[in-house]
Amino acid sequence: MTRRKMLITGAGAGIGAALAARAADAGYTIGVMDADELRARDVAEKLDNAVALAGDVRDAADMAAAVRRLGGVDVLVNNAGILRTSPLIDHSPDDFRLVMDVNLTGAFIAAQAAARHMQDHGGGAIINISSINALHPSPNCGAYVAAKAGLIGLTQQMSIEWGRFGIRVNAIAPGFIDGGMSSPYYANAKVRERRSAAVPLGRLGTVDDVADAAIFLASEQSAYINGVTLAVDGGVINSVLLQLPRE
Ligand SMILES: NC(=O)c1ccc[n+]([C@@H]2O[C@H](COP(=O)([O-])OP(=O)(O)OC[C@H]3O[C@@H](n4cnc5c(N)ncnc54)[C@H](O)[C@@H]3O)[C@@H](O)[C@H]2O)c1
């Protein structure tokens, strides 16, 4: 049986690297793509059936080359993302454009490159890593919130346009994840404690929690799921009144 091919953007660190390891266990051939070539190589070297791919999701030629070098793609995980924090009143337009470019336009460019291959090869699955910030804004995250909300809209749009090609497109909205870009934040014990207490399941999430959800949305077990956003957040998006119980 031929191995299915999973291309993961931003796979040189955090959630993407954890997913690459999970995908290797699940029997995929993995394209470990990252703008940071060294990181991509570090991750790929440790895995069976993984190839390191240097490239920027904002660049259509890079994405087309990544699909070619992997020898095709059955699953794309749009995971590359960046965060720039600032109150909106002071947010530099350049930073705003950069966040939109990587987190939203980059996901579109990568998805288009993958879908062009998938439509001629029996379909596939695309998974967009959004954030609970797409559903709930948080202080100083303006551009990130806008881009991640846009990514959910893009997921829905792609799901209706590409379903007829056998391509399923879904999003994941991770919550408070103890890893990746949030690692410096959760190094602070007080932040960890407050955030953990706000989660109905009583703990922060892990990069593997997110990776497991992506493996599910990539698999045949989710064959009829298309256009949804799966929160992987321990229930925190429903917890606004948890701290204010009705006495
Ligand atoms: N960690 C969290 O708390 C959290 C929570 C919600 C959502 N997310 C989302 O999960 C995804 C992964 O986050 P993470 O925490 O693992 O981040 P991370 O910073 O640890 O890793 C992101 C990787 O993306 C790469 N990258 C950045 N720009 C790129 C580009 N233009 N082209 C290709 N690669 C690029 C970086 O080099 C890096 O290796 C992001 O989309 C992020 O927004 C993370």
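Just so you know, the sequence shown maps onto residues 1392 to 1638 in this note's numbering. A virtual CB, placed ideally from N, CA and C, is assigned to each residue, including glycine.
Contact between Val-1627 and Ile-1523 is confirmed by a C-beta separation of about 7 Å, below the 8 Å threshold.
Closest in alpha carbon position to Ile-1406, among Ala-1580, Tyr-1419, Val-1468, is Val-1468.
Contact between Leu-1398 and Gly-1422 holds, with the beta-carbon distance rounding to 4 Å and staying under 8 Å. Contact between Ile-1518 and Ala-1605 holds: their C-beta atoms lie close to 5 Å from each other, under 8 Å.
Boundaries cannot be given for Thr-1496, as no beta strand (DSSP E) includes it and DSSP labels it neither H nor E.
Closest by C-alpha distance to Thr-1620, out of Ser-1521, Asp-1569, Ile-1473, is Ser-1521. Residue pairing from DSSP places Asn-1561 in a beta bridge opposite Ile-1518.
Rounded to the nearest angstrom, the gap between the Cα atoms of Glu-1611 and Gly-1515 is 10 Å. Rounded to whole angstroms, the Cβ separation of Val-1442 and Ile-1500 is 20 Å, and the two are not in contact under 8 Å. In this structure, Thr-1400 has its beta carbon less than 7 Å from a heavy atom of ligand 1.
Not one heavy atom of ligand 1 is found less than 7 Å from the C-beta of Ile-1628.
By the 16-neighbour rule on beta-carbons within 10 angstroms, Lys-1396 is buried. In this structure, DSSP gives Ser-1477 an extended state, which the three-state scheme calls strand.
For the pair Phe-1607 and Ala-1455, the Cα-to-Cα distance works out to about 25 Å. Under the three-state reduction of DSSP, Val-1458 is assigned to helix.
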